[in-house]
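Undergrad: Right, I'll just put the structure down here and ask away after.
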Amino acid sequence: MNLLLKVQDLELAYGEVPAVRELSFDVAEGEIVTLIGANGAGKTTSLRGVAGAMPPRRGRIIFSGRDITSLPAYRRALAGIALVPEGRRVFPALTVRENLEMGGFKFRADRGKLRSQMERVMEMFPRLRERAGQAAGTLSGGEQQMLALSRALMSEPRLLCMDEPSLGLAPLVVQDIFRSIRAANAAGTSILLVEQNARYALETASRGYVLQAGAIIASGPCAVLKQDERVKEAYLGRR
Amino acid sequence: MVALGLTLIYGVLNQINFAHADFVTVGAFTAFFTATRFATKVLGLPDTGAYLLSMFAALGAGALLGLAVNAAVFAPLRDRGDELRPLIATIGVSVLLENAQLALFGPIPYQFDSPFARETLRIGRIFFSAQSVLVVAVSAAAIAALYGFMRFTFLGKALRAVAQDRETAGLMGINPNLLIALTIVIASALAGMAGALLGPVLVLSPFAGASVIVKAFAIVIIGGFGNMQGTILAGILVGVIEAFTVQYLGSGLIDLVVFAMLLLMLVLRPTGLIAERKEENV
């Protein structure tokens, strides 16, 4: 399998304090990879580093054979990396439709493409069609998560980074969201999933990395990780 | 128009441009010299044509000035996580522009004769100067154009997205820095054009902008900082109240009434006429 994303010795810091150190992981074309770990382990930071929301202190990020380490977030988005940020971050005063248009910003010159993309995500989440003219800030948390995911899919990303998609949502909505993530993956998008619900994450992904205090302490196929004593004890609970 | 530029910059950058008043002055001087020297003497245009041309010259001057200030002040100081530095820097730009104009044009006010200021229109029993009709008409057109731009074009929507959440807008493939530059250019062009419109009404000196900006700030605060609709509404409201004040209380009390209104707003509804919708996280 071809490598889509390769992160090498990445160090990211808030001010002087490094949040992740010597981070190395990769995502192959068509794969779902998860980063799991406790709160504050550096999962969100790692994703932000990949999407370009945080400039790296050290290390390299190779995307599709190209060094993107020094590219700003918007250039990475145009290259095919989409991030569904923690806490959704929909544009509250824009309507649902306008939010989706922003997601498809790179297709702004191609109205037909934009319309077909819009049609596709609204097919996936009919709720968004019902609310198309409503300000995104008035949506429920679950609807906002659907919108944030759809907005990211509007750009037809090659790599979709999901930050805590299940956070604060009802179980039924979470199932919906994960079904859509798998559907996007089946359609050819690689996925990098950060999730505090390790059980969900390990069931969805094929490979995983375990982060602790800003460093990777274990990695491997999810089936193996699920049996790993440290993972079991820390994240899945004893049986 | 002046207030709208202020609110636009605040809405997108979260910063106050203290040099905004001087952009108005620069626009007024640009218009003055275009109309009275260049267009009539060099191009041989009639007065009316010269004045209309001068409005566009002022618009262009404002836009160029905005571009320069963005490149020199806002862009280099951005991303330092500091709101004070750009604020102080705009005060510096203001002092610089005022003194440059003082050196170039001197402290003695110029008389900017607009051909429209000489004409009077009559509707029923009410008389208007053609200049004031022009001011209203051009402002309304500019505001409508801006509103349409923000509401219906992709770039305008992207601009609003950047105003609401700069980082997330970047994740959408929108270059925030480019749109911030665009915002400053649009706001500055509006200020320049306002200068051309107000030049004939005001006493044209290097400090002319200062008399406008205080009221513009009042309008922006009444409307709610960074809120376009609120600012437009507040502008109309302040205009109407001024007109009534002149009619019933005398023109000397205009500023008193406007600022009393400002104080009242600050006490009763400090968020402005239309409160800004804040996003609810989680």
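Chains as they are written, first to last, in our numbering: chain L, 65 to 303; chain F, 66 to 347.
No residue lacks a Cβ here, since even glycine has one placed at the ideal position from N, Cα and C.
Because the structure is a prediction, the values reported are computed rather than measured.
Give a yes or no on whether 9 Å exceeds the smallest Cβ distance from Thr143(F) to chain L.
TA: The sequence given here has Arg at residue 143(F), not Thr. No, its Cβ sits nowhere closer than 9 Å to a Cβ of chain L.
Undergrad: Classify Tyr78(L): buried if its beta carbon has 16 or more other beta carbons within 10 angstroms, exposed otherwise.
TA: With fewer than 16 Cβ atoms within 10 Å of its Cβ, Tyr78(L) is classed as exposed.
Undergrad: Going along chain F in order, which residues have a C-beta closer than 8 Å to the C-beta of Glu165(L)?
TA: Under the 8 Å cutoff, chain F gives Phe219, Lys222.
Undergrad: Under DSSP, the beta strand (DSSP E) around Ser254(L) begins and ends at which residues?
TA: Segment 254-258, the beta strand (DSSP E) holding Ser254(L).
Undergrad: Does Phe83(F) come out as helix, strand or coil in the three-state DSSP assignment?
TA: Residue state, collapsed to three classes: coil.
Undergrad: Relative to the alpha-carbon of Arg140(L), which residue among Val285(F), Ile239(F), Thr101(F), Val303(F) has its alpha-carbon at the smallest distance?
TA: Closest option to Arg140(L), Cα to Cα, is Ile239(F).
Undergrad: Going along the chain, which residues of its own chain have a beta-carbon closer than 6 Å to the beta-carbon of Thr108(L), five neighbours each way excluded?
TA: Excluding sequence neighbours, Thr108(L) sits near Glu150, Asp227.
Undergrad: Got a sec: is the Cβ-Cβ distance from Leu130(F) to anything in chain L below 9 Å?
TA: No, no contact with chain L.
Undergrad: Beta-carbon within less than 6 Å of Ala104(F)'s beta-carbon, same chain only, minus the 5 sequence neighbours each way: which residues are those?
TA: Only Leu110, Ala115, Leu118 meet the Cβ criterion.
Undergrad: As an exercise, report each continuous alpha helix (DSSP H) stretch of at least 4 residues that is fully enclosed by the region 86-156 of chain L, in chain order.
TA: DSSP runs (the alpha helix (DSSP H)) wholly in the region 86-156 of chain L: 107-115, 137-143.
Undergrad: Taking 6 Å as the limit between beta carbons, can you name the residues of its chain near Val185(L), skipping five residues before and five after?
TA: These residues qualify, in order along the chain: Ser214, Leu217.
Undergrad: Provide the residue(s) that pair with Asp227(L) in DSSP beta bridges, ordered along the chain.
TA: Val258(L), per the DSSP bridge assignment.
Undergrad: Assuming Val285(F) and Ala68(F) are in contact, meaning their beta carbons sit under 8 Å apart, how far apart are those beta carbons, in whole angstroms?
TA: Right, their Cβ atoms sit about 5 Å apart.
Undergrad: Please classify Gln166(F) as buried or exposed, where buried requires at least 16 neighbouring CB atoms within 10 angstroms.
TA: Result: buried.
Undergrad: Based on the DSSP secondary-structure assignment, which residues constitute the bridge partners of Gly272(L)?
TA: Per DSSP, Thr98(L), Gly284(L).
Undergrad: In chain F, which residues lie with their C-beta within 7 Å of the C-beta of Arg172(L)?
TA: The contacting residues are Phe219.
Undergrad: Looking at chain L, which residues of the region 221-247 of chain F have a Cβ within less than 8 Å of any of its Cβ atoms?
TA: Per Cβ criterion, the list reads Lys222, Ala223, Arg225, Ala226, Gln229, Asp230, Glu232, Thr233, Ala234, Gly235, Leu236, Met237, Gly238, Ile239, Asn240, Pro241.
Undergrad: Which partner residues of Tyr78(L) appear in the DSSP bridge assignment?
TA: Its beta-bridge partners are Val81(L).
Undergrad: Is Arg187(F) helix, strand or coil by DSSP?
TA: In the structure shown, Arg187(F) sits in a strand (DSSP, three-state: E or B).
Undergrad: For chain F, find out if any of its Cβ atoms is closer than 9 Å to the Cβ of Arg153(L); answer yes or no.
TA: Yes, because at least one Cβ of chain F sits closer than 9 Å to the Cβ of Arg153(L).
Undergrad: Between the C-alpha atoms of Val158(F) and Gly235(F), what's the straight-line distance to the nearest angstrom?
TA: Going by the C-alpha atoms only, they are around 29 Å apart.
Undergrad: Using alpha carbons as the reference points, say which of Ala137(F), Leu161(F), Tyr75(F) lies closest to Val91(F).
TA: Of the listed residues, the one whose Cα sits closest to Val91(F) is Leu161(F).
Undergrad: For Gly213(F), count neighbouring Cβ atoms within 10 angstroms of its own Cβ and tell me buried if that reaches 16, exposed if not.
TA: Classification of Gly213(F): exposed, given that the 10 Å Cβ count is below 16.
Undergrad: Consult DSSP for Ala196(L) and reduce its assignment to one of helix, strand or coil.
TA: DSSP places Ala196(L) in coil when its eight states are reduced to three.
Undergrad: In or out: Ala146(L) buried (at least 16 other Cβ within 10 Å) or exposed?
TA: By the 10 Å Cβ count, Ala146(L) comes out buried.
Undergrad: Run down chain F in chain order and give the residues with a C-beta less than 8 Å from the C-beta of Gly203(L).
TA: Note that residue 203(L) is Leu in the sequence shown here, rather than Gly. Here the premise fails: no neighbours, minimum Cβ distance about 10 Å.
Undergrad: Have a look at Ala199(L), Gly144(L), Ser180(L) and flag the residue whose alpha-carbon is nearest the alpha-carbon of Asn163(L).
TA: With distances taken between Cα atoms, Asn163(L) lies closest to Ala199(L).
Undergrad: Figure out for me which residue from Gly176(L), Phe155(L), Ala277(L), Pro190(L) has the closest Cα to the Cα of Ala105(L).
TA: The residue with the shortest Cα to Cα distance from Ala105(L) is Ala277(L).
Undergrad: If the cut-off is 9 Å on Cβ atoms, which residues from the region 70-83 of chain L count as contacting chain F, listed in chain order?
TA: Answer in chain order: no residues at all.
Undergrad: Does the Cβ-Cβ distance between Gly221(F) and Phe290(F) come in under 9 Å?
TA: Not in contact: Gly221(F) and Phe290(F) (Cβ atoms no closer than 9 Å).
Undergrad: Using DSSP with H/G/I as helix, E/B as strand and the rest coil, what is Ala251(L)?
TA: In this structure, Ala251(L) counts as coil in the three-state DSSP scheme.
Undergrad: Starting from Thr159(L), follow its DSSP beta bridges and name the residues at the other end.
TA: Paired residue(s): Ala199(L).
Undergrad: If you reduce the DSSP assignment to three classes, tell me which class Asp384(L) lands in.
TA: Shown here, chain L extends from 65 to 303; a query on residue 384(L) therefore has no answer.
Undergrad: Can you give me the C-alpha to C-alpha distance between Leu78(F) and Gly123(L), rounded to a whole angstrom?
TA: Distance between the alpha carbons of Leu78(F) and Gly123(L) is about 32 Å.
Undergrad: Leaving out the 5 sequence neighbours to the left and right, which residues in its chain are closer than 8 Å to Met118(L) when beta-carbon positions are compared?
TA: Result list for Met118(L): Leu76, Thr109, Arg112, in chain order.
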